Amino acid sequence: MTAGRRPYGRSAPLPLHLVAGNHDDPEALLDEFGGTRFVGDGATMHYAVEHPAFTVISLDSAVPCSPGGHLGTAQLEWLDEVLARRPSTPAIVCLHHPPIAIGIPFLDGMRLDDGEELADVVARHRNVVRVLAGHVHRPITAAFAGSTLAIAPSTHLQSGLALDDGVPNYLPEPTSFLLHLSGPSWVTHTVPVSHAAAPIACF
Ligand SMILES: [Fe+2]
Numbered sequence: 003m004t005a006g007r008r009p010y011g012r013s014a015p016l017p018l019h020l021v022a023g024n025h026d027d028p029e030a031l032l033d034e035f036g037g038t039r040f041v042g043d044g045a046t047m048h049y050a051v052e053h054p055a056f057t058v059i060s061l062d063s064a065v066p067c068s069p070g071g072h073l074g075t076a077q078l079e080w081l082d083e084v085l086a087r088r089p090s091t092p093a094i095v096c097l098h099h100p101p102i103a104i105g106i107p108f109l110d111g112m113r114l115d116d117g118e119e120l121a122d123v124v125a126r127h128r129n130v131v132r133v134l135a136g137h138v139h140r141p142i143t144a145a146f147a148g149s150t151l152a153i154a155p156s157t158h159l160q161s162g163l164a165l166d167d168g169v170p171n172y173l174p175e176p177t178s179f180l181l182h183l184s185g186p187s188w189v190t191h192t193v194p195v196s197h198a199a200a201p202i203a204c205f
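Quick note on my numbering: the sequence shown kicks off at 3 and runs consecutively.
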C-alpha cells in the first residue's frame with residue numbers, strides 16, 4: 003500500500019477484493035484503490051487475483067446512469083483468456099448483476115443484459131466453481147453454465163420476494179453474507195450477522 007493511503011482492510015482476516023456495483027463510480031474506485039491489492043494491483047475494475055488455491059476474477063458490469071448491467075465483448079474475451087491460464091485451479095467469477103432472471107420481475111428488468119454470452123464463456127471452462135453476484139438483496143442459488151450461481155443477500159436491507167409484478171419493498175429480514183468453503187465439493191453457507199433486522203430505509 004502506498005504512503006498516504008488509508009489502511010483499508012488491515013483488520014480483516016481475509017484478503018479483500020472489490021466488485022463495482024451500479025451505485026459505484028468505477029473512476030472514483032480506481033482513484034482510491036487503483037494499484038492496490040484490493041483491485042489485483044491493477045488499474046481497471048475487472049481484474050484477476052491468482053491465489054495459490056484458487057483464482058478470484060472480478061468483472062465490471064456497471065453501466066453509467068443505469069441500474070442494469072453489461073459486460074461487453076472485450077471483457078468476456080479477457081475472462082475467457084484468464085480462465086484458460088490455470089485450468090486445473092478452481093476459479094470464482096464475481097460480478098454485481100445476476101446474469102439470469104431470478105423470478106422477481108422488477109429486479110429482472112435490471113439484470114445483466116449479456117448473461118447468455120457470459121454463460122457461453124463459463125461453459126467452456128470446467129474450473130469455475132462459483133459465479134457470484136449481488137444487486138438483488140436476496141440469497142439465491144441456481145445452476146449456471148455448468149457451474150453454480152450464488153447471489154449474496156444484503157448486509158443492509160433485503161428485498162421482498164415479489165414474484166408477481168410490483169416493487170419488492172425492503173423487508174425487515176436479518177442481514178447476512180455468504181461464506182464459501184473450498185474442497186472437493188465447494189460448499190456455500192448463508193451466515194446471518196444480525197438477529198434483529200436492519201432498519202428500513204430508502205436511498
Ligand atoms: Fe446493485
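The beta-carbon is built from N, C-alpha and C at its ideal position, and this holds for glycine as well.
Since the structure is predicted, the reported quantities are computational estimates derived from the model, not experimental observations.
Ordered along the chain, which non-local residues of its own chain (more than five positions away) have a Cβ less than 6 Å from that of Ser196? Here the question's residue 196 lines up with position 194 in the sequence shown. Hits under 6 Å: Pro176, Thr177.
Check this for me: beta carbons of His50 and Ser63, under 9 Å apart or not? Taking the first residue of the sequence shown as position 1, residue 50 is located at position 48. Taking the first residue of the sequence shown as position 1, residue 63 is located at position 61. In the sequence as displayed, the identity of residue 50 is Ala instead of His. Going by C-beta atoms, Ala50 is not nearer than 9 Å to Ser63.
Contact belief for Asn129 with Ala93 at Cβ below 8 Å, rounded distance in angstroms: Reading the sequence shown from its first residue, position 127 is the one you call residue 129. Reading the sequence shown from its first residue, position 91 is the one you call residue 93. Indeed they touch by this definition, with Cβ atoms about 5 Å apart.
What residues does ligand 1 have around it, judged by CB closer than 5 Å to any heavy atom, in chain order? Each of Gly23, Asn24, His137 has a C-beta closer than 5 Å to some heavy atom of ligand 1; these make up the full list, in chain order.
For Phe179, list the residues DSSP reports as bridge partners. Along the sequence shown, read from residue 1 onward, the residue named residue 179 stands at position 177. DSSP lists Val193 as partners of Phe179.
Is the distance from the Cβ of Leu97 to the Cβ of Val133 below 9 Å? Here residue 97 is taken as the residue at index 95 of the sequence shown, counted from 1. Here residue 133 is taken as the residue at index 131 of the sequence shown, counted from 1. Between Leu97 and Val133, the gap from beta carbon to beta carbon is short of 9 Å.
Stretch-stretch touch, CB-based, cutoff 8 Å, three pairs: the segment 65-75 with the segment 115-126: In short, these stretches touch, since the Cβ pair count reaches three.
Residues bridged to Cys96 [DSSP beta-bridge criterion]: The residue you call residue 96 lines up with position 94 of the sequence shown. Per DSSP, Ser60, Leu134.
Tell me whether Phe205 is buried or exposed, calling it buried when 16 or more other Cβ atoms sit within 10 Å of its Cβ. Walking along the sequence shown from the start, residue 205 turns up at place 203. Annotation note: pLDDT 48 at Phe205 (below 50); position unreliable, coordinate value reported separately. The C-beta of Phe205 has fewer than 16 other C-beta atoms within 10 Å across all chains shown, which makes the residue exposed.
Where Thr143 falls, given that 16 or more other Cβ within 10 Å makes a residue buried: Start at 1 with the first residue of the sequence shown, and residue 143 comes out as number 141. Under this definition Thr143 is an exposed residue.
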